[in-house]
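S.K.: I have a structure I would like to understand better, so I am pasting it below and will then ask my questions one at a time.
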Amino acid sequence: ETGVTQTPRHLVMGMTNKKSLKCEQHLGHNAMYWYKQSAKKPLELMFVYNFKEQTENNSVPSRFSPECPNSSHLFLHLHTLQPEDSALYLCASSQPPQSEQYFGPGTRLTVT
Amino acid sequence: DAKTTQPTSMDCAEGRAANLPCNHSTISGNEYVYWYRQIHSQGPQYIIHGLKNNETNEMASLIITEDRKSSTLILPHATLRDTAVYYCIVRVTNTGNQFYFGTGTSLTVIP
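From first to last, the protein sequence lines stand for chains G and A.
Here the first sequence is numbered in this note's numbering, starting from 1 and rising by one per residue.
Here the second sequence is numbered in this note's numbering, starting from 1001 and rising by one per residue.
The following block contains the structure:
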């Protein structure tokens, strides 16, 4: 257990659905991250939040919408996804923002 | 961030030490060496990091050469649960937020 939880662990959704991924960290960290890991590819950073403010968006399509209501919770809202968006979505946190990051177990997303 | 080079895969007998090498010949003076591992379909797990001195914790030891151009992660007594992909990352801690995970080394611990 890393102190970072993610729900759901598995999600199957159609291209017209709207769903949300949730991440919660119990470490008292102030920075949270969303990463995407497609099959046989390195992790790709999607979004970064520091003290609830988004500080980085790595050219992520608008069909992915992050939300950080407080420093312990991070959401990724999904709508009108494409099959190529199927991947493992990982949440991480760190404190201070520049030190080692602790990852959650990930949500395995399949878009049909 | 400096590029790292790791072998694609390695095997290790259970109970023996696993020594995972990493080359980072273009590392800068202010870049740290981090090691993470990822067990199949789980999130990456932080293992250890260091700047120039050797480091040890409850999981592993990190040996960094004097010129800092390479390092070795040592798992002293490998178990089957250590089978994973191990990532060596060099990073300046005070700039940016991203860890650049390459393709890593796939370690298989054999019974």
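Glycine is no exception: its CB is placed at the ideal position from the N, C-alpha and C atoms.
Just so you know, these numbers come straight off a predicted model, no measurement behind them.
(1) Flag Q54 (chain G) as yes if its beta-carbon sits less than 9 Å from any beta-carbon of chain A, otherwise no.
(2) Using a Cβ-Cβ cut-off of 9 Å, state whether E100 (chain G) counts as contacting chain A.
(3) In whole angstroms, give me the CA-to-CA distance for D85 (chain G) and R63 (chain G).
(4) So does L1062 (chain A) have its beta carbon nearer than 8 Å to some heavy atom of the ligand COA?
(5) Quick check: V76 (chain G) and M46 (chain G), are their CB atoms within less than 9 Å of each other?
(6) Is the shortest distance between the beta-carbon of G28 (chain G) and the beta-carbons of chain A less than 9 Å?
(7) Go through its chain and collect everything with a Cβ distance to Y89 (chain G)'s Cβ below 7 Å, but skip five positions before and after it.
(8) If you compare alpha carbons, which of G:E53, G:P42 and G:L78 is closest to N17 (chain G)?
(9) Can you look up R108 (chain G) in the DSSP assignment and give me helix, strand or coil?
M.R.: So, from the data block:
(1) Stepping through the first sequence from its first residue, residue 54 (chain G) is reached at position 54. Answer no: the Cβ-Cβ gap between Q54 (chain G) and chain A never drops below 9 Å.
(2) Residue numbering aside, residue 100 (chain G) sits at position 100 when the first sequence is read from its first letter. Yes, because at least one Cβ of chain A sits closer than 9 Å to the Cβ of E100 (chain G).
(3) Working through the first sequence from its first residue, we reach residue 85 (chain G) at position 85. Working through the first sequence from its first residue, we reach residue 63 (chain G) at position 63. Looking at the two C-alpha atoms, the distance is approximately 10 Å.
(4) Among the components of this structure there are no ligands whatsoever, and the ligand COA is therefore not found.
(5) Working through the first sequence from its first residue, we reach residue 76 (chain G) at position 76. Working through the first sequence from its first residue, we reach residue 46 (chain G) at position 46. Per the sequence shown, residue 76 (chain G) should be read as Leu rather than Val. A distance below 9 Å separates the beta carbons of L76 (chain G) and M46 (chain G).
(6) For the purposes of this step, residue 28 (chain G) is taken as residue 28 along the first sequence, with counting starting at 1. So no, G28 (chain G) is outside the interface.
(7) The sequence position of residue 89 (chain G) within the first sequence is 89, counting from 1. Counting only Cβ-Cβ distances below 7 Å, and skipping sequence neighbours, we find L21, W34, K36, L76, G106, T107 and L109.
(8) Counting from 1 along the first sequence, the entry for residue 17 (chain G) is found at position 17. With distances taken between Cα atoms, N17 (chain G) lies closest to G:L78.
(9) Your numbering for residue 108 (chain G) matches position 108 in the first sequence. Three-state result, R108 (chain G): strand.
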